[in-house]
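Notes to accompany the following structure.
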Amino acid sequence: MKYTVDSMRTAPETYAWSRFGQPEYTNWLDESMSWKETCYIGDWSFLWQHRFTGPDALRLFSDITVNSYKKFDIGQSKHAIHTNKDGKVIHEGVLTRFGEEEFVVHGRGGFWAAFNLERGGYDARGTKEDWFIFQVSGPNAVKVLHELTDSRDLLEAKYMHVVPITVAGHSIYALRQGMAGEVGFELQGPKEIAQEIYNAVLEAGKVHGIRKLGGRVALINHLEACFPTIATDYIPAIFDEDMAEYLEYFRAAMPAFAQPAYIAGSYDGQDISEYYRSPVELGWGKVVNTEHEFLGRVALTAEKAFPNRVIRTLEWNGEDVADVQASLFQEGDHYDFMEMPRDQRGFMWADRVEIDGQLVGVATSRGYSYYFRKMLSLATVDVEHSEPGTEVTVIWGAPGHPQKAIRAIVRPAPYKTDKSRGDLLATV
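Using my numbering, read the sequence shown as starting at 4 and increasing by one per residue.
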């Protein structure tokens, strides 16, 4: 199948929230406050998992990621990023070391690793896993988990490290992370005990105000905390001719009706590669280690030295946003519908960012933050226009449709103060 920008503008046949369970459990306004006031449990079990073992398993990851593994302790997790020859992100995800020669990848990156393993002559083995992944995050998250387990390891967990804990009589792992910009853990284990673990967390969380996190609001925390997401903030760099074999390999893992990515918004790219992003553009430059060989090393070495674009938050003007919604109640042409709190179809919704009519960036991940009472987006912005406080214009409306110029202000990313690395003992 030949993919083009036009073919990717076809709406998917499902809703993105379906991956997270129900769209809402209480309601999305209530649920969006959970990671600021109490805590939530959210289901990320849709992520793929692959296990890699053997003497060359670590060498495999060193060869295919931008990361350094000079220090990679057992129990440590890394944000593993894979790039193409031009330094654009193919996939990324969480890589955890469970033993000297044992690693598990959460996310699409497991397919890229398996693909390279089969073709690279490595002394290693790869198998697919089926785990549950439950995020428990927010000011009360540690209180909830502390009621479930008396493990001292939990309270002493380092950021991006897993610790073994026992919940409902089952031994599982808790990865300390902070996707909501708050103290949080990902509970991980075999899918067959998932419901028992989920129920136990909910029961322990009742007195602490826990909420089930529905799909409508699940990625608002990624927006507020600036965690760019594949197929939402960038298209995976797998559509070039030199990636044709891998694209076919990856497509085999997807439902027959689905595409690897979908595109919407006012940015009218002529080639899919215009929707690719580098780790530097996405704010992950610190992870890129250019002292070892990997695909895209030359391009990323140059970009780290002289970046063209950086990631920022955009704060959209509320009156202009209201005009878009009001147009639906007026006669004649109206603007494209602006989903609240964010797009639910799984598009990379890419909108032009302009100053005096000139393109200076691309906005993605647009969503409404009930906590801040703001319409926000992430954006990759030209360095010279990236200073917080800079006034820009976002163009709303697909090419050929009525378009609205929405005033916006450049703000830092993350927009919300990051509290994810706080003292765990202080939260109990």
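Every residue, glycine too, gets a C-beta built ideally from N, C-alpha and C.
Quick caveat, the model's predicted, so the values are computed rather than measured.
### Spatial distance of Glu251 from Ala240 (CA atoms)
If you draw a straight line from the Cα of Glu251 to the Cα of Ala240, it is about 13 angstroms long.
### Task
State whether the stretch 255-264 contacts the stretch 391-409, with contact taken as three or more CB pairs (one from each stretch) at a distance under 8 angstroms.
Contact between the stretch 255-264 and the stretch 391-409 is absent, because fewer than three Cβ pairs lie under 8 angstroms.
### Query
Just how far apart, CA to CA, sit Val8 and Asp354?
For Val8 and Asp354, the distance between alpha carbons rounds to 14 angstroms.
### Exposure of Ile77, with buried meaning 16 or more beta-carbon neighbours within 10 Å
A residue is called buried once 16 or more other Cβ atoms fall within 10 Å of its Cβ, and Ile77, having fewer, is exposed.
### Message
Report the CB separation of Phe370 from Arg312 in whole angstroms; it is logged as a contact under 8 angstroms.
### Response
A quick correction: the sequence has Gly, not Phe, at residue 370. Not confirmed; about 21 angstroms, so no contact.
### Query
Between the Cα of Glu189 and the Cα atoms of Val145, Glu103, Pro231, which residue gives the shortest distance?
Comparing Cα positions, the closest option is Val145.
### Query
Is it true that the stretch 109-128 meets the stretch 25-35, where meeting means three or more beta-carbon pairs spaced less than 8 angstroms apart?
Look at the beta carbons and you see the stretch 109-128 not touching the stretch 25-35: under three pairs across the two are nearer than 8 angstroms.
### Query
Fully enclosed by the stretch 160-195, which beta strand (DSSP E) runs are 3 residues long or longer?
Taking only runs of at least 3 residues, the beta strand (DSSP E) segments lying wholly in the stretch 160-195 are 165-170, 173-180, 187-193.
### Query
Since Ala401 and Asp339 are thought to touch, with beta carbons under 8 angstroms apart, how far apart are those beta carbons, to the nearest angstrom?
Correct: roughly 6 angstroms between the Cβ atoms.
#### Entry: Classification of Lys131 by the beta-carbon crowding that lies within 10 angstroms, buried from 16 upward
Taking a 10 Å sphere around the C-beta of Lys131, we find fewer than 16 other C-beta atoms and assign the residue as exposed.
### Task
With DSSP collapsed to three states, give me the class of Tyr28.
Here Tyr28 sits in coil by DSSP.
### Query
Where does the unbroken alpha helix (DSSP H) through Met378 begin, and where does it stop?
No alpha helix (DSSP H) holds Met378; the beta strand (DSSP E) holding it covers 377-385.
### Query
Phe75 lies in the alpha helix (DSSP H); which residues open and close that run?
Taken as a continuous stretch (DSSP letters only), Phe75 belongs to no alpha helix (DSSP H), as it is neither H nor E.
### Query
Roughly how many angstroms separate the alpha carbons of Pro415 and Asp243, rounded to a whole number?
C-alpha separation (whole angstroms): 33 angstroms.
### Message
To the nearest angstrom, how far is the alpha carbon of His109 from that of Leu98?
### Response
His109 and Leu98: Cα-Cα distance of roughly 7 angstroms.
### Message
Quick check: what's the CA-CA separation for Lys194 versus Gly172?
### Response
Cα-Cα distance, rounded: 15 angstroms.
### Proximity of Ala183 and Ala234 at Cβ, strictly below 8 angstroms
Using a Cβ distance threshold of 8 angstroms, Ala183 and Ala234 do not count as a contacting pair.
### Task
Enumerate in chain order the residues of its own chain whose CB-to-CB distance from Ser65 is below 7 angstroms, with the five nearest sequence positions on each side excluded.
Tyr72, His295.
### Query
Where do the ends of the alpha helix (DSSP H) carrying Tyr252 lie?
Per DSSP, Tyr252 belongs to the alpha helix (DSSP H) from 247-254.
### Query
In chain order, what residues of the same chain lie with their CB nearer than 8 angstroms to the CB of Ser37, ignoring the 5 residues before and after it?
Only residues of its own chain outside the window of five on either side were considered, and among them Tyr43, Gly141, Gly212, Ile213, Arg214, Leu216 have a CB closer than 8 angstroms to the CB of Ser37, listed in chain order.
#### Entry: Assumed close pair Phe297, Thr68 - CB separation to whole angstroms, cut-off 8 angstroms
Taking the Cβ atoms as the reference, Phe297 lies roughly 6 angstroms from Thr68, within the contact range of under 8 angstroms.
#### Entry: Rounded separation between Lys419 and Val92 - CA only
Lys419 and Val92 have their C-alpha atoms roughly 25 angstroms apart.
#### Entry: Integer Cβ distance of Asp323 from Arg410, believed to fall under 8 angstroms
Rounded, the Cβ-Cβ distance is 6 angstroms, consistent with contact.
### Query
Tell me, which residues are paired with Gln273 by DSSP?
Paired residue(s): none; Gln273 is not in a bridge.
### Task
With DSSP collapsed to three states, give me the class of Trp287.
Note: Trp287 maps to coil in three-state DSSP.
### Task
Check Trp47 in the structure and name its three-state DSSP category.
DSSP places Trp47 in coil when its eight states are reduced to three.
### Query
Which value, in whole angstroms, describes the spacing of the CA atoms of Ser276 and Pro263?
Computed Cα separation, rounded: 14 angstroms.
### Query
Which word fits Val166, buried or exposed, when buried means at least 16 other C-beta atoms lie within 10 angstroms of its C-beta?
So Val166 counts as buried.
### Task
Over the uninterrupted beta strand (DSSP E) stretch that includes His109, give me the two end residues.
If you look at His109, you'll find it in the beta strand (DSSP E) that goes 105-109.
### Task
In angstroms with no decimal places, state the Cα-to-Cα distance between Glu306 and Asp385.
Using only the alpha carbons, I get a separation of about 13 angstroms.
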